[in-house]
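**Student:**
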Amino acid sequence: MSKADIVTIQASGWNKRKAENLDRTFAKRYIKTVLRISEASEYLEKLIKELSRQEDTVQQWVSEVKEWTAGTTSQNDLEKTIEGLHLSVKQRKYELYRQPDGIKWRHQLRKKIAAVKRALEDAVTKHNAVMGGTDKLPPPNELLAEENYSWPWAYQRARCLRMDVGQSCVLALMSVRVLPKEDVARDAGTRNLEQTPGNTQTTLCAEG
């Protein structure tokens, strides 16, 4: 008997034993899942009471987080680009006035500042083309004139996250929703494995 035959017999025996114990396995898994859902639900109710919030409010938080995370990657990248260019101009201007010596060096630095400002203007134009109302940005000169400009998307992210209040509620609610789906998916995968023992045997034989 070859090594491949031995591995095939072992795999067949393993599948048979697992099939015989499948009902007990599913029963234990179901009980564990029910307990986890119950614990997550109790934790969620406790948080809602402690924070004096209604369940509708938590649902709204979940919707806000989904809307925020669904934002396009390109738009998020553009926002980071604008922040980076804005900071770059600020830093170079600081260097320009901090280092009075060297006419040639100051001339080169002014050219760099002008180039970065043009890039900032282009990025702001792209941003404003897809945004509206209070989310639009002012011209670069106005942005740079303010000491500490508050980016509109920074407020939106902070509002959606609510790290000090809503995140725990959102995570608890998502746990209650996800646990049953995870259990169903895991059971389906186990059933598929049991219904196609030949696939397992073939794979094991090939490895042998």
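In terms of this note's numbering, the sequence shown has 28 at position 27, counting the first letter as 1, and numbering is strictly consecutive.
The beta carbon of each residue, even a glycine, is placed where N, CA and C say it ideally should be.
Can you list, in chain order, the residues of its chain whose CB lies under 6 Å from that of E122, leaving out five sequence neighbours each side?
**Tutor:** So the qualifying residues of the chain are P141.
**Student:** Considering only the alpha carbon of each residue, which of K94, V125, N129 and A124 lies closest to I114?
**Tutor:** When only C-alpha atoms are compared, the closest one is K94.
**Student:** What does a CB cutoff of less than 7 Å around D136 pick up in its chain, not counting 5 residues either side in sequence?
**Tutor:** P153.
**Student:** So is D165 buried or exposed if we call it buried at 16+ other beta carbons inside 10 Å?
**Tutor:** The pLDDT assigned to D165 is 46, lower than 50, so where the model puts this residue is not dependable; a value taken from the coordinates is nonetheless given after this. Per the 10 Å Cβ criterion, exposed.
**Student:** Can you tell me where the alpha helix (DSSP H) holding S39 begins and where it ends?
**Tutor:** That run of the alpha helix (DSSP H) goes L23 to E51.
**Student:** Just how far apart, CA to CA, sit D78 and K19?
**Tutor:** Using only the alpha carbons, I get a separation of about 50 Å.
**Student:** Whose C-beta lies closer than 8 Å to the C-beta of V117 among residues of the same chain, with five residues either side of it excluded?
**Tutor:** Hits under 8 Å: L86, S89, V90 and R93.
**Student:** Please go through the region 86–112 and give each complete beta strand (DSSP E) segment of 3 or more residues, from N-terminal end onward.
**Tutor:** List check, beta strand (DSSP E) in window: nothing returned.
**Student:** In the structure shown, what three-state DSSP assignment does W154 receive?
**Tutor:** W154: helix per DSSP, three-state reduction.
**Student:** In terms of residue numbering, what span does the alpha helix (DSSP H) encompassing N142 cover?
**Tutor:** Note, N142: alpha helix (DSSP H), P141 to A146.
**Student:** Helix, strand or coil for N16, going by three-state DSSP, please let me know.
**Tutor:** Helix at N16.
**Student:** Would you tell me roughly how many angstroms separate the C-alpha atoms of I7 and L23, rounded to the nearest one?
**Tutor:** Looking at the two C-alpha atoms, the distance is approximately 24 Å.
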